[in-house]
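Trainee: I'd like to ask you about the structure that follows.
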Amino acid sequence: MKDHVMGAPARAINWNRLQDEKDLEVWNRLTVNFWLPEKVPLSNDVQSWATLRPEERELTIRVFTGLTLLDTIQNTVGAPVLMQDAVTPHEEAVLSNIAFMEAVHARSYSSIFSTLCSTREVDEAFRWSEENQHLQQKARLILNEYEVGTDPLKRKIASVFLESFLFYSGFYLPMHWSSRAKLTNTADLIRLIIRDEAVHGYYIGYKFQRAMEKLDEAKRNEMKDFAFALMFDLYEIEAHYAEELYDGIGLTEEVKAFLHYNANKALQNLGFEALFPPAACEVNPAILSALSTDSENHDFFSGSGSSYVIGKAVATEDEDWDF
Amino acid sequence: MSGLVFYSSGSGNTARFVATLGLPGLRIPIRQDDPMPRPDAPYVMICPTYADGTGAGAVPKQVIRFLNDPARRALIRGVIGAGNRNFGPTFGLAARIIAEKCQVPMLDRFELAGTETDTARIRNGLEQFWGMTCLTP
Numbered sequence: 418m419k420d421h422v423m424g425a426p427a428r429a430i431n432w433n434r435l436q437d438e439k440d441l442e443v444w445n446r447l448t449v450n451f452w453l454p455e456k457v458p459l460s461n462d463v464q465s466w467a468t469l470r471p472e473e474r475e476l477t478i479r480v481f482t483g484l485t486l487l488d489t490i491q492n493t494v495g496a497p498v499l500m501q502d503a504v505t506p507h508e509e510a511v512l513s514n515i516a517f518m519e520a521v522h523a524r525s526y527s528s529i530f531s532t533l534c535s536t537r538e539v540d541e542a543f544r545w546s547e548e549n550q551h552l553q554q555k556a557r558l559i560l561n562e563y564e565v566g567t568d569p570l571k572r573k574i575a576s577v578f579l580e581s582f583l584f585y586s587g588f589y590l591p592m593h594w595s596s597r598a599k600l601t602n603t604a605d606l607i608r609l610i611i612r613d614e615a616v617h618g619y620y621i622g623y624k625f626q627r628a629m630e631k632l633d634e635a636k637r638n639e640m641k642d643f644a645f646a647l648m649f650d651l652y653e654i655e656a657h658y659a660e661e662l663y664d665g666i667g668l669t670e671e672v673k674a675f676l677h678y679n680a681n682k683a684l685q686n687l688g689f690e691a692l693f694p695p696a697a698c699e700v701n702p703a704i705l706s707a708l709s710t711d712s713e714n715h716d717f718f719s720g721s722g723s724s725y726v727i728g729k730a731v732a733t734e735d736e737d738w739d740f
Numbered sequence: 717m718s719g720l721v722f723y724s725s726g727s728g729n730t731a732r733f734v735a736t737l738g739l740p741g742l743r744i745p746i747r748q749d750d751p752m753p754r755p756d757a758p759y760v761m762i763c764p765t766y767a768d769g770t771g772a773g774a775v776p777k778q779v780i781r782f783l784n785d786p787a788r789r790a791l792i793r794g795v796i797g798a799g800n801r802n803f804g805p806t807f808g809l810a811a812r813i814i815a816e817k818c819q820v821p822m823l824d825r826f827e828l829a830g831t832e833t834d835t836a837r838i839r840n841g842l843e844q845f846w847g848m849t850c851l852t853p
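Quick note, the sequences are listed as chains A and B, same order.
Letter by letter, the first sequence follows residues 418 to 740 of our numbering.
Letter by letter, the second sequence follows residues 717 to 853 of our numbering.
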């Protein structure tokens, strides 16, 4: 409805007249992927949670409040702001799905908290998230780009960096626990979030590339410079954030390699080349295999493993093949 | 050394990967009305995955149309998958399906537009592969 002007008729969305096939493709993908935290048996992690040391528990809760903050921003500000920039009605509809799923993600962390943690611990962590300088700084940088009057393309850049880069200092920890066979159900839930964020980053990055095609070369270069400058600024904050969180358990350098790897993927979603060289992106293989659940040991009886809980991946689709 | 056939949607990731690879490749068109390439020599297919969480819809329809033609299918020798590890079990799924359907090996997989490391590994891999593959249809 963004094009509504005085006197023009209000327009109903027609999904049988597409201006961009990608809208329907992504809509279908997101709606099939829909999930709620209640689907994941988080209570199976209660025993595992008790095996974590107090400082590991505190770290985990803090990391999750940091992720909750990013999801909250994307739910209430990011996706709605992008809706105003949509070039097709279907893009607006896809963004409304993205906005809602961000609310589901934010809500999921509270499900984890209510299953595993005490109210006092959680309240303390939310207070921490409001007072943590680095977390607040990165939120501020993104929110600045979302403000009224900013450039629609810059908003998309900020949004892709949030979806495809900023989450990963946090996602690292549940993947680390999962690789040690800890909090495996929580990790299943996080993998569902990671899957969604990957589609969001891809789609917003795709729309960015379409919009870039309409610009002249000077303007395209300006956008690219802006993107790399914002990435540098965000990376600096993320590096400090990672040090503050992970120095205590000696994982900072591993987390940084994971940040470099994801920063490159975020830039690729925007159609740009990688920033960090391969040597800086050597992610611990245990983390890579924790991301790809096919390498996970699915234990039918303990109810662990996202592929058991949410239905198994089907390796064939036959209707169109002639042979 | 023989050729590549690839599919890349509007995101352009696979097309960028092939451009970096620096090897000639035939692109399967996104639009159904555009002409399908007709390879005249054996080729390796590079194909991204578009599956939802259940694995459905992994292979793009245009790639299926391309492979449904027996003459084109007869020349496929291997397949390389593109995708995103964040999709877990469906990362590179399209290539696995094509490998199974066409009874050819899945040679490798990479994420998005690939990294320098991916490009070097796959370029070497293709060179070796063509060295030991039968090129007669």
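We treat Cβ as the ideally placed atom computed from N, Cα and C, and that holds for glycine.
1) Determine contact between the region 520 to 532 of chain A and the region 487 to 494 of chain A, defined as no fewer than three beta-carbon pairs at a distance below 8 Å.
2) Run down chain B in chain order and give the residues with a C-beta less than 7 Å from the C-beta of A:Glu619.
3) Excluding the 5 residues preceding and the 5 following B:Arg825 in the sequence, name in chain order all residues of the same chain whose CB lies nearer than 8 Å to its CB.
4) Quick check: is any heavy atom of the ligand FMN less than 7 Å from the C-beta of A:Glu655?
5) I'd like to check one pair, A:Gly622 with A:Leu484: are the Cβ atoms closer than 8 Å?
6) Based on the DSSP output, what are the partners of B:Leu720 in its beta bridges?
7) Is the shortest distance between the beta-carbon of A:Trp432 and the beta-carbons of chain B less than 8 Å?
8) Distance check for A:Ala644 and A:Asp742, CA to CA, integer angstroms please.
9) I need the DSSP call for B:Phe733, collapsed to helix, strand or coil.
10) What do you reckon, are the CB atoms on B:Glu843 and B:Arg801 nearer than 8 Å?
11) Starting from A:Gly688, find everything on chain B with Cβ-Cβ shorter than 7 Å and list it in chain order.
12) Quick one: list the residues of chain A neighbouring B:Pro745, beta-carbon separation under 9 Å, in chain order.
13) Counting contacts by CB-CB distance shorter than 8 Å, is A:Glu442 in contact with chain B?
14) Under three-state DSSP, which class holds A:Leu453?
15) Give a yes or no on whether the C-beta atoms belonging to A:Val616 and A:Val457 are separated by under 8 Å.
16) Is A:Asn686 buried or exposed, if buried means 16 or more other CB atoms sit within 10 Å of its CB?
17) Would DSSP call B:Arg825 helix, strand or coil?
18) Please name the residue, chosen from A:Asp613, A:Asp540, A:Thr477, that lies closest to A:Ser788 on a Cα-to-Cα basis.
19) At the 8 Å Cβ level, is A:Ile515 part of the contact set with chain B, yes or no?
20) Going straight from the alpha carbon of A:Ser723 to that of A:Pro426, what length do you get?
21) Are at least three pairs of beta-carbons, each pair with one atom in the region 781 to 788 of chain B and one in the region 593 to 606 of chain A, less than 8 Å apart?
22) For A:Ser546, which residues from the same chain have a beta carbon less than 8 Å from its beta carbon, with the 5 sequence-adjacent residues on both sides left out?
23) So, are the CB atoms of A:Phe675 and A:Tyr585 less than 8 Å apart?
24) Please compile the residues from chain B whose C-beta is within a distance smaller than 8 Å of the C-beta of A:Phe649.
25) Is B:Ala749 close to chain A? Criterion is C-beta to C-beta, closer than 8 Å.
26) Taking a cut of 9 Å between CB atoms, which residues from the region 757 to 784 of chain B lie near chain A?
27) Would you mind sorting B:Phe864 into buried or exposed? The rule is 16 or more other CB atoms within 10 Å of its CB.
28) May I ask you to list, following chain order, the residues of the region 621 to 639 of chain A that have a beta carbon less than 8 Å from some beta carbon of chain B?
29) Pull up the distance between the alpha-carbon of B:Leu742 and that of B:Ser725, whole angstroms please.
30) Find the nearest neighbour of A:Ala741 within the set B:Gly841, B:Thr831, B:Ile838, B:Thr849, judged by alpha-carbon distance.
31) Could you spell out where the alpha helix (DSSP H) holding B:Val795 opens and where it closes?
32) In angstroms with no decimal places, state the Cα-to-Cα distance between A:Asn549 and B:Pro740.
33) For the alpha helix (DSSP H) holding A:Ser460, just list the boundary residues, first then last.
34) Please report the Cβ distance between B:Val721 and B:Tyr759, rounded to the nearest whole angstrom; I am assuming they are in contact, meaning their Cβ atoms lie under 8 Å.
35) Suppose you measure from the CA of A:Ile654 to the CA of B:Asn729; what does that come to, to the nearest Å?
36) Would the beta-carbon of B:Pro751 fall within 8 Å of that of B:Leu791?
Mentor: Looking at the atomic coordinates:
1) yes
2) The sequence shown places Tyr at residue 619 of chain A, rather than the Glu named in the question. Simply Ser727.
3) Ile796, Gly797, Ala798, Gly799, Phe807, Gly808, Ala811
4) Ligands are entirely absent from the displayed structure, and the ligand FMN is therefore not among its contents.
5) no
6) B:Gly741, B:Val760
7) no
8) Absent from the structure is residue 742 of chain A, since the part of chain A shown begins at 418 and ends at 740.
9) helix
10) no
11) Gly728
12) Result: empty, since nearest Cβ-Cβ is about 13 Å, beyond 9 Å.
13) yes
14) coil
15) no
16) buried
17) strand
18) What is shown of chain A runs 418 to 740, which leaves residue 788 of chain A out entirely.
19) no
20) Model confidence at A:Ser723 stands at a pLDDT of 47, short of 50, so the residue's coordinates are unreliable; what they give is reported in the following sentence. Looking at the two C-alpha atoms, the distance is approximately 46 Å.
21) no
22) Arg479, Thr482, Gly483, Thr485, Leu486, Leu552
23) yes
24) Those do not exist, as A:Phe649 stays about 20 Å from chain B at its closest Cβ, beyond 8 Å.
25) Residue identity check: residue 749 of chain B is Asp in the sequence provided, not Ala. False, the Cβ-Cβ gap to chain A never drops below 8 Å.
26) Tyr766, Ala767, Asp768, Gly769, Thr770, Gly771, Ala772, Gly773, Ala774, Val775, Lys777, Ile780, Arg781, Leu783, Asn784
27) In this structure chain B extends from 717 to 853, so residue 864 of chain B is not present and cannot be described.
28) Gly622, Tyr623, Gln626, Arg627
29) 14 Å
30) Absent from the structure is residue 741 of chain A, since the part of chain A shown begins at 418 and ends at 740.
31) From DSSP, B:Val795 is part of no alpha helix (DSSP H) but of the beta strand (DSSP E) over 792 to 799.
32) 51 Å
33) Premise fails: A:Ser460 is in no alpha helix (DSSP H) and is neither H nor E.
34) 5 Å
35) 28 Å
36) no
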